[in-house]
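The numbering of the sequence shown is my numbering, which starts it at 1 and goes up by one. Below is one structure, written out as structure tokens; the observations come after it.
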Amino acid sequence: MITLGIETSCDETGIAIVDNGKKLSNVVSSSIHLHSQYGGVVPEIASRYHLEYIDSAIKQAIERSGKQLTDIELIAVTYGPGLCGSLLTGISYAKALGFGLSIPVLGINHLAAHIYANFLTKDDDRSLEYPFISLIVSGGHTSIVLCNSPMEHEILGQTQDDAIGEAFDKVSKIMGLGYPGGPIVEKRAYLHNGKDNIKFPRAFLNKNSLDFSFSGIKTAVLYFCKDKNLTDELINDICFAFQESVFEVVTKKAVDACLKAGIKTLCIGGGVAANKTLYNKLLKDCTEKGIKFFKPSMEFCLDNGAMVAALGEKLYIMGQRSPLDFTAEPGLGL
Ligand code: KG4
Ligand code: ZN
Numbered sequence: 001m002i003t004l005g006i007e008t009s010c011d012e013t014g015i016a017i018v019d020n021g022k023k024l025s026n027v028v029s030s031s032i033h034l035h036s037q038y039g040g041v042v043p044e045i046a047s048r049y050h051l052e053y054i055d056s057a058i059k060q061a062i063e064r065s066g067k068q069l070t071d072i073e074l075i076a077v078t079y080g081p082g083l084c085g086s087l088l089t090g091i092s093y094a095k096a097l098g099f100g101l102s103i104p105v106l107g108i109n110h111l112a113a114h115i116y117a118n119f120l121t122k123d124d125d126r127s128l129e130y131p132f133i134s135l136i137v138s139g140g141h142t143s144i145v146l147c148n149s150p151m152e153h154e155i156l157g158q159t160q161d162d163a164i165g166e167a168f169d170k171v172s173k174i175m176g177l178g179y180p181g182g183p184i185v186e187k188r189a190y191l192h193n194g195k196d197n198i199k200f201p202r203a204f205l206n207k208n209s210l211d212f213s214f215s216g217i218k219t220a221v222l223y224f225c226k227d228k229n230l231t232d233e234l235i236n237d238i239c240f241a242f243q244e245s246v247f248e249v250v251t252k253k254a255v256d257a258c259l260k261a262g263i264k265t266l267c268i269g270g271g272v273a274a275n276k277t278l279y280n281k282l283l284k285d286c287t288e289k290g291i292k293f294f295k296p297s298m299e300f301c302l303d304n305g306a307m308v309a310a311l312g313e314k315l316y317i318m319g320q321r322s323p324l325d326f327t328a329e330p331g332l333g334l
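Rendered as structure tokens:
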């Protein structure tokens, strides 16, 4: 089923064509360069950018897929969670195009799409099967989810305050490193001096809890940096110590969730899943405990239209439909 995926929940205009679970094209146009000077995403700038670029991104995605506009049989569009104006841009475009082509339009949950991105791998690597545990680590969410099917999700734990990606962004901002913080902090952590001389607290909450809290680590970094001469070496060491702290917690809780639920498969999704240190840590701990570990390829970790199209196609085949009047749901949960 040739499906057009539209993802405009935040600062990426993600457009893709997927056919039978396989990506034919995946175009991502990001407005990140417009937000970096403000230290975070400015919603109004993000939605205006989507409006300006969505048309050309769709034309490009169709061209690269080798298909025609009239070959599209389904449109899948993110309807939440995300920024209201940004979501509405994608939804309005999807509805108008769907009406013009007389094809169905399906609203997709952004978080469910991040989870489903794990199915968008190469042919030889498609052994992921339900049920599995998913660790969502993005700019707005940090959750551990039991996934029984593409439409059945049970949240086992989630952050009580900041999301892990948000913590990366804030820590980066504290040290004046720029936005988005994740990739910058990861690079600086690689450069650290190899000594474990800085230790930040680990927020495990209570022993059995699968919930998270990342606001404390941000404050710990803030106090640590206060009145210090932030040399390049010190920044590298802080980035390393910060990653060690947050990754130890998410890895332990994700593995614990699998052991508690008796589930032998763990997936990861969301922007922070692009971090190689986290990947290596999860892979090591999962392998030790006999848990199969899956991660989407890099292009499907960050926001993209392919994960939306792939999940849309699957849900449509399973019988899911969206009412004509579906609209943006900025605070949508799983
Ligand atoms: O999933 P995503 O693209 O957007 C949301 O749904 O929020 O995630 C964006 C988040 C940002 O906070 C960004 O700093 C973080 O993912 N991120 C990373 C890396 N790349 C992006 N965090 C850690 N390491 C990375 N390599
Ligand atoms: Zn996302």
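Ideal Cβ positions, reconstructed from N, Cα and C, are used throughout, including at glycine.
Using a threshold of 8 Å, state whether the C-beta atoms of residue i and residue j are closer than that.
i       : j       : result
Ala-46  : Ser-29  : no
Ile-15  : Ile-6   : yes
Gly-139 : Gly-107 : no
Ser-215 : Asp-169 : no
Ser-245 : Ile-217 : yes
Leu-332 : Asn-148 : no
Pro-104 : Leu-69  : no
Gln-243 : Ala-203 : no
Just confirm the distance between the C-beta atoms of residue i and residue j, as a whole number of angstroms; I'd bet it's less than 8 Å.
i       : j       : result
Tyr-174 : Cys-225 : For the record, residue 174 in the displayed sequence is Ile; it is not Tyr. That belief holds up - the Cβ atoms of Ile-174 and Cys-225 are roughly 6 Å apart, short of 8 Å.
Leu-334 : Val-145 : 6 Å
Ile-263 : Phe-132 : 6 Å
Tyr-179 : Gly-39  : 5 Å
Leu-111 : His-141 : 6 Å
Tyr-53  : Met-307 : About 19 Å; that fails the 8 Å criterion.
Rounded to the nearest angstrom, what separates residue i and residue j at their Cα positions?
i       : j       : result
Asp-124 : Phe-294 : Note that Asp-124 has pLDDT 48, beneath the 50 cutoff, so the model's placement of it is unreliable and no number is given.
Phe-326 : Leu-97  : 15 Å
Ile-72  : Ser-65  : 11 Å
Leu-51  : Asn-229 : 43 Å
Leu-210 : Thr-13  : 33 Å
Arg-321 : Val-42  : 32 Å
Asn-208 : Lys-253 : 9 Å
Leu-191 : Ala-94  : 44 Å
Lys-289 : Leu-282 : 11 Å
Glu-329 : Leu-135 : 22 Å
Cys-10  : Leu-311 : 19 Å
Val-77  : Gly-305 : 8 Å
Phe-247 : Arg-48  : 35 Å
Glu-233 : Leu-120 : 39 Å
Ala-167 : Val-137 : 11 Å
Ile-198 : Thr-231 : 15 Å
Asp-285 : Ile-291 : 8 Å
Lys-314 : Leu-34  : 35 Å
Thr-89  : Thr-8   : 7 Å
Gly-182 : Met-298 : 14 Å
Who does residue i pair with in a DSSP beta bridge?
i       : result
Asn-26  : Ala-16
Ile-133 : Leu-146, Leu-266
Ala-76  : Gly-5, Leu-106
Glu-154 : Leu-146
Lys-292 : Thr-265
Thr-159 : Phe-212
Using a Cβ-Cβ cut-off of 8 Å, state whether residue i counts as contacting chain E.
i      : result
Thr-13 : The structure shown contains no chain E, having only a single protein chain.
Can you list the residues near the ligand ZN, meaning Cβ strictly closer than 5 Å to any non-hydrogen atom, in the order they appear in the chain? After applying the 5 Å Cβ criterion, the set is Ser-138, Asp-303.
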